[in-house]
Structures are given as C-alpha cells and as structure tokens.
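Only one structure is covered here, and it is reproduced in the block below.
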Amino acid sequence: MDLRDDVAMNFSATGLLDGLDGDERSAREQLLERLYAEGVGLEELRSAVAESRLALLPLDRLLGGQYTAREIEKRAGVPAQLVFATRRR
172 MDLRDDVAMN
182 FSATGLLDGL
192 DGDERSAREQ
202 LLERLYAEGV
212 GLEELRSAVA
222 ESRLALLPLD
232 RLLGGQYTAR
242 EIEKRAGVPA
252 QLVFATRRR
C-alpha cells in the first residue's frame, strides 16, 4: 500500500468528524488518517461514513475481491450473503 505524502488532511473541515466528541472523535480521526494515508480517497471515506461502514473499510480493502463467496463462507463460518449484506450497510 502506498502511503501518501500529503497526510495532513483536515478531516474536521470535511465534516467527517461532525457529531463526535472525545474518544469517539479521536478514534475516527485516527482511522480516517490511516485509511487516507493508505490511499483511500476522500469520497470513499465520505461514503463509508454516510453508510456507517467506516470501521469495516480496512477489512473491505483487505478482502477486496481476494476470496470467492464459497471461501468467505468457509473462512467466516457464516453464509456469504450475510457477510455481503453487512459490508453493504
């Protein structure tokens, strides 16, 4: 994964930290900084926050088409449809 040189994104100004305080705000900001540094674009971050799936984004990127539905079922021990439904939320 390529790290960006311009990691100094102001996530507060983007609205991605709105409504959060204290530890929740700090945790989200750290995750946003990490994902952005790894190459996740601002629009993808916005979309993930809007769809309440930001915490799953690192997993989405890790799996990113690497496994078939059958392999996911076997590895996760749950139906692939459940995994996909959770990832879409």
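Residue 254 in the working numbering is what sits at position 83 of the sequence shown, and the numbering runs on without skipping anything. We treat Cβ as the ideally placed atom computed from N, Cα and C, and that holds for glycine.
Inset, instruction - State the Cα-Cα distance for the pair Leu228 and Arg205, rounded to the nearest angstrom. - result: In this structure, the CA atom of Leu228 is about 11 Å from the CA atom of Arg205.
Inset, instruction - May I ask which residues mark the beginning and end of the alpha helix (DSSP H) holding Pro250? - result: From DSSP, Pro250 is part of no alpha helix (DSSP H); its letter is neither H nor E.
Inset, instruction - With a 10 Å radius around its C-beta and 16 neighbouring C-beta atoms as the bar for buried, classify Leu233 as buried or exposed. - result: Of the other Cβ atoms in all chains shown, fewer than 16 fall within 10 Å of the Cβ of Leu233; this residue is therefore exposed.
Legend entry - DSSP three-state assignment for Gly193, whether helix, strand or coil: In this structure, Gly193 counts as helix in the three-state DSSP scheme.
Legend entry - Where Ser218 falls: helix, strand or coil (DSSP): Ser218 falls in the helix class under three-state DSSP.
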